[in-house]
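What follows is a short report on a single structure.
Residue numbers (my numbering), protein chains in the order written: chain A, 1 to 413; chain B, 1001 to 1262.
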């Protein structure tokens, strides 16, 4: 049975912090199909379009008939743990620090046998459920898990290494006064976060819900405005070394297209908050988070950007805002590549239309801020890189993959 | 006594005994800012966007947002602007003593030689000849170098950029420490885009006016206009920069008070 994780004791302040290492991260181009699935929490393998053979590891051609058309398909993750072994030695820096480490062979119901990291609650011969997870190198690995949840199973070392669980960690929510910011904060606390630094960009604005939230002893209100480099430097100077999960909820959303909204000022405000704000946050908090990526049980693990599905294609009714979200997405991809060597995960969140005051005339379904918050916490626990929130976002994603031009026309209709 | 002086002063302003000359260029988007090699950070030019003008964005009011650097348009340089002044006390625009914002001025006319040679350099010899005519530069006085450069077409002739860099007049490397040591000047002011000459990066030390003036707690004014309306001596300059926390300089309104007709 998994030992429940305990709230970690205070760190020895004069001990050298452990520097981040990462497991081997090199993959073939074919194998990156696994990474794509793992990033969104799907379980997919190559399945030959000619003969239907499911294969693992990924290859260029079918192992059975040599056909080249090998689409990625959802397959059953169930199987049987044939045999496992526990490593007590490794020459790899990452695994050396984490020994002993369990690996085993699983025979899948779908056909192939795979070598997987093995959860501590499994015994040889058990039925297992495989999961594709991103490890600290950001690449997909196979995990063999119990078919039914066991007590504290999320606290097992191999799951903890692939997840970004808020439990006992400290988080910064950059705009704590927004509806999404408050919902995320509550969800992080409910998930066991030790402390949440709640950014307040407008000290002068009374917000009863914010004040109620701030009364929780686990909340520390921090003056923080992503357009103000100075405020970020102050906040990072004080608390930057304690942020293990950063959730950037700062967003400014406004209606309006291009031709008739002759308003460069508002466009600039949108850019300043939605794009340059992320950049300033990265400058202020990114380096310390990367440096603390292996800092014990309470290591820095995740950077969360609350974007929008319209980051992926412009919604002409909110053209400028969409453009800033697209720019933020692009920046987030750059940030992800820069943070990846440390192991800090960048999670991009793509909600559909939000149920808040700036989308009053958007017809339902709209995503409740609480749903965004739950999706974020879920994605952190699952160690995802991309999460789509709400039906609109999920449908959008599929249609973007099928017919992007068609989607462009429909959004502009 | 001092109340009387202020009353007299206001009276002189009212009756034309003291005339106010505006030495400030208008802040416009097209006004040139200094151009540095592209590897370096660049100063923002002046930009302006309307917030509202009695319209749907604000029915009863007109106002704008603007952006610019601390060194855009007619502007003041504080000692912290240069590395030589980085550790001096009261070296930022918010801490510079208020007394620095009002000082008399000596205006050295270099318009003729500058018209003939855009690389004209003010020398000790030139200043001494000016002094022979107008008297010794008093301590605590601005030295303003009149070149009529402000009358040049902006931005091409004004910046006068050539393949080997900018060609605009300024002080040479000897006159600046001499002005500080021998004349105890308040600062140095010009009409061109900087207090140093266009080619001053090749001087020893580079940018001597910035290096010596700011390294000795002296100030700079540049991009000024109407220096041709000032007497060689006797003008009083009012030049208070914006109070920017830790600011290295600021655009400002530079006013000269000069003896009038009556």
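Think of the CB as a built atom: it goes at the ideal place given N, C-alpha and C, for glycine as much as any other residue.
Item to complete: Figure out for me which residue from 251(A), 396(A) and 364(A) has the closest Cα to the Cα of residue 314(A).
Response: Residue 314(A) has its Cα closest to that of 396(A), out of 251(A), 396(A) and 364(A).
### Message
At a CB distance below 8 angstroms, what residues from the region 1062 to 1088 of chain B approach chain A? Give them in sequence order.
### Response
Residues of the region 1062 to 1088 of chain B that bring their beta carbon within less than 8 angstroms of a beta carbon in chain A comprise 1065, in sequence order.
_Please state whether the Cβ-Cβ distance between residue 1103(B) and residue 1005(B) is less than 8 angstroms._
Annotated as distal: residue 1103(B) and residue 1005(B), with beta-carbon spacing of 8 angstroms or more.
### Message
For a test of the three-state rule: what should DSSP assign to residue 374(A), helix, strand or coil?
### Response
It is helical.
Under the rule that 16 or more other beta-carbon atoms within 10 Å means buried, what is residue 345(A), buried or exposed? That one is buried.
* Does the region 381 to 393 of chain A come close enough to the region 159 to 174 of chain A to have 3 or more Cβ pairs within less than 8 angstroms? -> Taking one beta carbon from each stretch, the region 381 to 393 of chain A and the region 159 to 174 of chain A have 3 or more pairs nearer than 8 angstroms; the two touch.
**Message:** Just list the residues that DSSP pairs residue 1075(B) with in beta bridges.
**Reply:** In the DSSP assignment, the residues bridged to residue 1075(B) are 1222(B) and 1251(B).
_Collapsed DSSP secondary structure at residue 342(A) in the structure displayed_ = Three-state result, residue 342(A): helix.
What residue range is occupied by the uninterrupted beta strand (DSSP E) comprising residue 305(A)?
For residue 305(A), the enclosing beta strand (DSSP E) begins and ends at 302 to 306.
* What is the rounded straight-line gap between the Cα of residue 224(A) and the Cα of residue 267(A)? -> Each residue's Cα considered, the two are about 21 angstroms apart.
Exercise for the section: Please compile the residues from chain A whose C-beta is within a distance smaller than 8 angstroms of the C-beta of residue 1049(B). Expected result: By Cβ distance, chain A contributes 264, 265 and 268.
- Query: How would you write the range of the alpha helix (DSSP H) that residue 291(A) sits in, first residue to last?
  - Reply: In the DSSP assignment, residue 291(A) falls within the alpha helix (DSSP H) that extends over 277 to 291.
Sequence-distant residues of the same chain with beta carbon closer than 7 angstroms to residue 302(A), five excluded per side = The answer, listed in chain order, is 164, 245, 344, 345, 347 and 380.
key: Whole alpha helix (DSSP H) elements within the region 172 to 253 of chain A, 4-residue minimum   = Unbroken alpha helix (DSSP H) runs of no fewer than 4 residues, entirely contained in the region 172 to 253 of chain A, are found at 179 to 190, 208 to 214 and 229 to 239, following chain order.
- Task: Please compile the residues from chain A whose C-beta is within a distance smaller than 8 angstroms of the C-beta of residue 1253(B).
- Result: Those within 8 angstroms of residue 1253(B) in chain A number zero; the least Cβ separation is about 25 angstroms.
Which chain A residues sit within Cβ distance under 8 angstroms of residue 1057(B)? Within chain A, the residues near residue 1057(B) are 263.
Residue span of the beta strand (DSSP E) that contains residue 1068(B), given as start and end: Taken as a continuous stretch (DSSP letters only), residue 1068(B) belongs to no beta strand (DSSP E), as it is neither H nor E.
The region 1042 to 1052 of chain B contacting the region 1065 to 1074 of chain B, beta-carbon criterion three pairs below 8 angstroms: Flag = yes, the region 1042 to 1052 of chain B and the region 1065 to 1074 of chain B touch.
Buried/exposed call for residue 1025(B), threshold 16 Cβ in 10 Å: Counting Cβ neighbours within 10 Å, residue 1025(B) comes out buried, since at least 16 surround it.
- Item | Entirely enclosed beta strand (DSSP E) segments - the region 1128 to 1215 of chain B, minimum 3 residues | Segments of the beta strand (DSSP E) lying fully in the region 1128 to 1215 of chain B: 1142 to 1146 and 1187 to 1190.
Subject >> Endpoints, alpha helix (DSSP H) assigned at residue 1005(B) >> reply: In the DSSP annotation of this structure, the continuous segment of the alpha helix (DSSP H) that includes residue 1005(B) starts and ends at 1002 to 1015.
_Can you tell me where the alpha helix (DSSP H) holding residue 113(A) begins and where it ends?_
DSSP places residue 113(A) outside any alpha helix (DSSP H); the residue lies instead in the beta strand (DSSP E), whose first and last residues are 113 to 118.
ask   = How about residue 386(A) and residue 39(A): are their beta carbons less than 8 angstroms apart?
value = It is a contact, given that the beta carbons lie within the stated cut-off.
Please report the straight-line C-alpha distance between residue 144(A) and residue 32(A), rounded to a whole angstrom.
Straight-line measurement puts the Cα of residue 32(A) at about 20 angstroms from the Cα of residue 144(A).
(request) Run the CB neighbour count on residue 1245(B), radius 10 Å, all protein chains shown included, and call it buried at 16 or more, exposed below. (result) Residue 1245(B) is exposed by the Cβ-count criterion.
Checklist entry - Whose CA, out of 212(A), 198(A), 183(A) and 153(A), lies closest to the CA of residue 173(A)? => result Here the closest residue by C-alpha is 198(A).
Original post:
Alpha carbon to alpha carbon, what distance is there between residue 138(A) and residue 258(A)?
Top reply: Rounded to the nearest angstrom, the two C-alpha atoms are 38 angstroms apart.
Looking at the structure shown, is residue 75(A) part of a helix, part of a strand, or coil, going by DSSP? Note: residue 75(A) maps to coil in three-state DSSP.
* **Rounded C-alpha distance that separates residue 1215(B) from residue 1177(B)** => Going from the Cα of residue 1215(B) to the Cα of residue 1177(B) covers about 10 angstroms.
Point to revise | alpha helix (DSSP H) segment containing residue 391(A), residue limits | key: First-last of the alpha helix (DSSP H) with residue 391(A): 391 to 402.
* **Residue from 349(A), 45(A), 358(A) and 262(A) with nearest C-alpha to residue 1056(B)** => In this structure, 262(A) is the residue among 349(A), 45(A), 358(A) and 262(A) with its C-alpha nearest to the C-alpha of residue 1056(B).
Checklist entry - Going straight from the alpha carbon of residue 26(A) to that of residue 232(A), what length do you get? => result Here the alpha carbon of residue 26(A) sits roughly 35 angstroms from the alpha carbon of residue 232(A).
* Kindly list the residues whose CB is nearer than 8 angstroms to the CB of residue 83(A), restricted to its own chain and excluding five residues on each side of it in sequence; keep chain order. => Apart from the 5 residues on each side of it in sequence, residue 83(A) sits with its Cβ closer than 8 angstroms to the Cβ of 104, 105 and 124 in its chain, given in chain order.
* Asked: Using the C-alpha atoms, what's the distance from residue 1063(B) back to residue 1105(B)?
  -> Between residue 1105(B) and residue 1063(B), the C-alpha separation is close to 36 angstroms.
C-beta neighbour in chain C for residue 6(A), strict 8 angstroms: Although the question refers to chain C, the structure presented lacks it and instead comprises the protein chains A and B.
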